[in-house]
Amino acid sequence: MKRFNHFNATTMEEAVNLLNESEGPAYVIAGGSDLMGCLKDNLWMEAPERVINLKTIPGLKEINVKDDGLHIGAMVTLTEVAESDAVKEQWPGLAEAARRTASPLLRNMGTVAGNICQENRCWYYRYPDKIGGRIDCVRKGGKRCLAVPGDHRLHSIFGQVKKCIAVNPSDTAPAFVALNATIKTTKRDIPIDEFFSAEMGAQSTILDRNEIVTEIVVPTPKAGPTSAFNKIAYRKSIDFALVNCAASITIEDGKVTAARICLNGVHNNPRRCETSEQMLVGKQLTEAVAKEAGELAVAEAKPLLQNIYKVQMAKTIVSDTLLDCIK
Amino acid sequence: MNDNPKRLIQLTVNGEIQTVPVESHWTLSKVLRNDCGHTGTKEACDEGACGACTVLIDGLAVPACMILAVEQEGKDIETIEGLSVDGKLHPIQEAWLEEYGSQCGFCSPGMIMTTKYLLSKNPNPTDDEIKEAIGGNLCICSNYEHIINAVRSAAQKMSKEQTHV
C-alpha cells in the first residue's frame, strides 16, 4: 500500500467536503475489508491521496424498526444484522444472507452498506500488480476481456456488460433486491433496482465518487416474514458465492400475489427473475410451480463453455429458495 | 504530503497504553508486530482470509491485517500475549496443549483468539457452532479435529472455573 493522508470525519457533510476538496483520488473507509484488499493489490492503479474514516461519524451504527420498515445505518456490521432478533423475525432472508457472507471475523468488521458496494472478484481484473505485472482487462481500460477466451468458470452466464463478464459477488445484494430496499445516500434516495450498474466502468454501483451511502431502508413485508436466502459456494465459510438467490413472496388466501426473486453471482449485476415472478402470481406455491419458476429463471441463460454447471445451480437454487420462503 | 508522515498514536494493547509512531497506511498487524513487540499475532495471507492475525478489538474478533492502525486509538486491543497471567496459562491455552491443538502452531494465536470470542458469546457451543465460528481461521496442517476438541475442552474448563468462583 502507498502512503495517504488519513482523515476522521465527524459528519457526513464533512466527509463529502473532504472528498470534494481532494486533489487526487480519495476513498471513504467504513469496515475496510473490501477497500483494504483493493488498495493492497493496487487494483485501481492510483495511489489514494486521502482516505476518509466514516466510523467516527456518530449515529450511523443503529438498526431501527420504524413504521415504514427496517432502517440499517451505514456503519452497521454484517454480524449485527445477522444476529439482530428483529431482522431474523421479520426479514429472515436478509438475516441469512448476512450470516452467510464471508467469515465470522470479516463479518465483525465489514458493513452491510459496504457489502453491496463491493468490487467484483474476477481473477483477471484483480490479478495482483506485484506478481508479474497487472493484466489490462476491458474493465481497466484495456481492449478485451481475458476471461472469455481464458478461465471463466466463475463468470457470468447471462452474457456481458460492456464486454466484461465479471459477476457481482455480494451476498446481501440479492436479499435487498428481493426485499425491495431503498438506498439512501448523501445526495438522493435510490431504489435498489436502479442501484447496481456494471455499465459505470470500474465500479459496481451508480454512486458518484463524492456520494456516500448513509442508510438502507427495507420495507416491512405485508404478509408476514416470507423471505429466504440460499448460497452455493466451494467452501461454506469465507468463500464468495458461485450462485446465490434471495426471494420474497406475498401469499394471500393460499395464493401468491406478489414475488421478487433475485439471483446473484450469475451476471454483472444482481439479476431479477422477472418471468418467474410473473408466472408465480395467482398460483399456489407447490413444488411443481417452484420447479417451473426455476426453469424460467434460466431460460435466457447464455453460459460459456466452462460455466454451464452454473445454469443447473441457478435453476435449483431458485426453486429451493422459493420453497424455503414458506417453510 | 507531509515531510514527516508519522503520527504518534496511543494504542491500548492488553490493557497497557503504548505510544507508537505510525504512518496512516500501516495495518494494525504490522504495527503490533513491528512497533509494539507483539509478534504472537501472525501474518499469512494479508487479505483477511486466513485468520492468523486475529485479535480482539473491543471484544470483537477481527483480522488485524485489514485494519488501519491509526483508527484504533482509544480501543481495547487484545492479543495472544494478553491471555496468560503471571506465567499461568489461560484455560483455552491449557486446552490447546492437552488436546494437541497445535501442529506447526502458526494458526494457533488466531484460533485461540477466535475461540475466546466464541466462548465469550456462547459459553457452551455445539460442534456445529464451533465449526461455524472458526470458519474464518485456516489451519494449513489441517488439524481441525484436534482444534475442535480443544475448543470443546476449553469451554468445559471455563464453565467449571466459573462455578468454582
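Those protein sequence lines, which keep their order, are chains A and B. When the first sequence is numbered by the working numbering, its final residue is 327 and no position is left out of the sequence of numbers. When the second sequence is numbered by the working numbering, its final residue is 1165 and no position is left out of the sequence of numbers. Yeah, the Cβ is synthetic: ideal placement off N, Cα and C, and Gly gets one too. Since the model is a prediction, treat every value here as computed from it, not as a measurement.
Taking 8 Å as the CB threshold, Asp1046/B lines the interface with chain A. Take Thr1039/B, set aside five residues on each side of it, and the residues of its chain with a beta-carbon closer than 7 Å to its own are Arg1033, in chain order.
Of the residues assessed, Gln1162/B falls on the exposed side of the cut-off, its CB having fewer than 16 other CB atoms within 10 angstroms. For Gln160/A and His267/A, the gap between their C-alpha atoms comes out near 8 Å. Contact note: Ile238/A reaches chain B through Ala1049, Gly1135, Gly1136, using a C-beta cutoff of 7 Å and chain order.
Cys325/A sits in a helix when the DSSP states are folded into three classes. Among the CB atoms of chain B, one or more fall inside 8 Å of the CB of His6/A.
Per DSSP, the beta-bridge partners of Ser227/A are Ser248/A. Considering only Asn1143/B, Ile1112/B, Gln1072/B, Pro1123/B, the residue with the shortest C-alpha distance to Thr1054/B is Ile1112/B. The Cβ-Cβ distance between Asp41/A and Pro128/A falls below 8 Å.
Val1031/B: member of the alpha helix (DSSP H) spanning 1028 to 1034, first to last residue. Residues of chain B whose Cβ lies closer than 7 Å to the Cβ of Asn108/A are, in chain order, Leu1060, Ala1061, Val1062. Against chain B, a Cβ distance below 8 Å from Lys40/A picks out Asp1046, Glu1047. For Val1031/B, same chain residues with a beta-carbon under 8 Å away, outside a window of 5 residues either side, are Leu1011, Val1020, Val1022, Ala1069 in chain order. The stretch 159 to 175 of chain A makes contact with the stretch 139 to 148 of chain A; the number of CB pairs closer than 8 Å reaches 3 or more.
Following the DSSP letters along the chain, one finds Leu1056/B inside the beta strand (DSSP E) bounded by residues 1054 to 1057.
One finds Met1001, Pro1005, Glu1023, Ser1024, His1025 in chain B with Cβ atoms closer than 8 Å to the Cβ of Arg3/A, taken in chain order. Distance from the CA of Leu296/A to the CA of Lys88/A, rounded to the nearest whole angstrom, comes to 29 Å. Met1066/B belongs to the set of residues whose beta carbon lies under 8 Å from a beta carbon in chain A.
Taking a contact to require three or more Cβ pairs closer than 8 Å, the stretch 216 to 226 of chain A and the stretch 168 to 184 of chain A qualify as touching. Thr1114/B belongs to the set of residues whose beta carbon lies under 8 Å from a beta carbon in chain A. Put simply, the stretch 190 to 203 of chain A does not touch the stretch 68 to 87 of chain A. Fewer than three CB pairs are less than 8 Å apart. According to DSSP, residue pairing for Gly73/A in a beta bridge involves Glu215/A. Residue burial is scored here from C-beta neighbours: Leu1097/B has fewer than 16 other C-beta atoms within 10 angstroms and is therefore classed as exposed. Between the beta-carbon of Ala97/A and that of Gly110/A there is about 13 Å, and that puts the pair past the 8 Å contact cut. DSSP places Cys1065/B in no alpha helix (DSSP H); its state is neither H nor E. Fully contained in the stretch 282 to 318 of chain A is no beta strand (DSSP E) run of length 3 or more. When beta bridges are read from the DSSP output, Asn264/A appears opposite Asn244/A.
DSSP, read as helix, strand or coil, puts Asp253/A in coil.
At least 8 Å separates the CB of Leu78/A from every CB of chain B.
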